[in-house]
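**Student:**
Numbering (full-length UniProt numbering), first residue to last: 1 to 382.
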């Protein structure tokens with residue numbers, strides 16, 4: 001598809017842009033099948049953002065002198081080199097990802113370039129990115145998913161003095177280079193973001209210590225950072241305490257209380273309220289005796305407990321240990337039998353013409369929550 005004047009006008013009409021070319025500051029020409037840049041684009045002299053993504057453009061030659069252009073997006077095209085930007089001197093952002101670019105060039109003509117995105121291309125050597133050293137104003141560089149293997153490529157990137165964000169993930173040098181992150185951070189003082197996470201001040205201090213003296217220096221720097229954090233916390237706590245004391249002094253002055261730096265609300269409390277009363281000796285002795293009777297696995301019963309048990313048995317008292325086995329099942333059945341017998345008595349009274357009266361306070365009548373539950377249990381016993 002040719003980028004003719006009519007095609008541009010139709011796109012502006014479709015996207016509800018201005019029909020007068022000079023009134024548009026954005027132009028969306030992405031995914032339209034253009035194979036080249038037409039000369040009719042020069043009418044859009046005030047465009048600041050030009051979107052040419054997803055076409056079949058093989059060269060940027062023919063790009064008119066758009067003096068106001070700040071952002072140019074030509075990713076997902078068929079570019080093999082960068083050219084034709086000589087008249088775009090105010091360009092700030094350039095996206096040339098997903099093309100066939102083997103070498104970066106012709107970018108120094110854009111002195112205001114701050115962001116360069118060049119992912120998924122064919123950059124594979126130091127020579128292919130050597131031109132980056134001339135881009136002294138670059139702040140964000142994205143070279144992900146290329147084929148850069150030589151660690152010397154970092155020597156080129158280090159020459160960019162104001163670089164703040166660097167993305168190299170997906171290149172072989174990242175995985176092949178020992179201490180990659182520490183090396184990059186220590187060599188780029190302005191870097192604030194590397195690959196997947198930001199570069200904080202503590203990390204930079206640790207990295208610089210490692211660069212100066214290795215692992216031991218890094219450990220010492222980590223200890224200093226920890227001490228500094230604790231000192232800051234103590235200083236904040238003491239400052240807050242000072243603010244509270246000052247407030248209490250002013251409050252005491254307004255209330256006409258004696259001078260001091262304590263909370264006036266605590267003046268009515270006596271010192272005795274802060275004394276913890278010790279347990280009486282009798283309670284302590286009782287706890288010690290009780291501890292002797294505490295059942296422990298694989299231990300014999302204390303002699304005192306055995307003697308007390310024998311005395312109770314000799315008087316005719318039956319001792320029954322709590323259990324959850326067969327004895328518990330027998331107790332449950334005895335309870336249900338008593339309920340069944342009581343129900344039969346009530347039925348007989350009803351047959352004799354008497355209205356059965358159930359006293360909820362009668363101790364002989366068990367407390368039942370739901371009649372349906374008792375009926376189910378009785379049916380289970382029949």
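We put the CB at the ideal spot given by N, CA and C, even for glycine.
In this text, all values refer to a predicted model and were calculated from it rather than measured experimentally.
Unbroken beta strand (DSSP E) runs of length 3 or more, entirely within the segment 83 to 127: which are they?
**Tutor:** The qualifying runs are 93 to 95 and 115 to 117.
**Student:** What span of residues does the alpha helix (DSSP H) with residue 409 cover, start to end?
**Tutor:** What the structure shows of the chain is the stretch from 1 to 382, and residue 409 is not part of that stretch, so it cannot be assessed.
**Student:** To the nearest angstrom, how far is the alpha carbon of residue 415 from that of residue 102?
**Tutor:** Nothing can be reported for residue 415, as the shown portion of the chain is limited to 1 through 382.
**Student:** Using 8 angstroms as the limit for Cβ to Cβ distance, is residue 263 near chain D?
**Tutor:** In the structure shown, chain D does not exist; there is a single protein chain.
**Student:** Cβ-heavy atom distance between residue 211 and the ligand MG below 7 angstroms?
**Tutor:** In the structure on display, the ligand MG does not appear, and there are no ligands present to speak of.
**Student:** If we ignore side chains and look at the alpha-carbon of each, how far apart do residue 179 and residue 116 end up?
**Tutor:** Roughly 26 angstroms between the two C-alpha positions.
**Student:** So for residue 31, helix, strand or coil by DSSP?
**Tutor:** If DSSP states are grouped into helix, strand and coil, residue 31 belongs with coil.
**Student:** If we ignore side chains and look at the alpha-carbon of each, how far apart do residue 383 and residue 81 end up?
**Tutor:** The question about residue 383 has no answer here: the residues shown for the chain are numbered 1 through 382.
**Student:** What number of angstroms, rounded off, separates the C-alpha of residue 33 from the C-alpha of residue 150?
**Tutor:** Each residue's Cα considered, the two are about 37 angstroms apart.
**Student:** For residue 74, which option in 99, 89 and 203 has the closest C-alpha, if you only look at C-alpha atoms?
**Tutor:** Nearest of 99, 89 and 203 to residue 74, Cα basis: 99.
**Student:** Can the beta-carbon of residue 267 be found less than 8 angstroms from the beta-carbon of residue 249?
**Tutor:** It is not a contact, given that the beta carbons lie outside the stated cut-off.
**Student:** With DSSP collapsed to three states, give me the class of residue 140.
**Tutor:** Reduced to three states, the DSSP call for residue 140 is strand.
**Student:** To the nearest angstrom, how far is it from the Cα of residue 196 to the Cα of residue 207?
**Tutor:** The straight-line gap from Cα to Cα measures roughly 17 angstroms.
**Student:** Comparing alpha-carbon positions, which option in 148, 130 and 91 lies nearest residue 119?
**Tutor:** For the residues 148, 130 and 91, the minimum Cα distance to residue 119 belongs to 148.
**Student:** Under DSSP, the beta strand (DSSP E) around residue 166 begins and ends at which residues?
**Tutor:** Its beta strand (DSSP E) spans residues 165 to 167.
**Student:** On the DSSP letters alone, give me the boundaries of the alpha helix (DSSP H) that residue 12 sits inside.
**Tutor:** Taken as a continuous stretch (DSSP letters only), the alpha helix (DSSP H) holding residue 12 covers 5 to 14.
**Student:** Work out the CA separation of residue 209 and residue 72 for me, nearest whole Å.
**Tutor:** Residue 72 and residue 209: Cα-Cα distance of roughly 41 angstroms.
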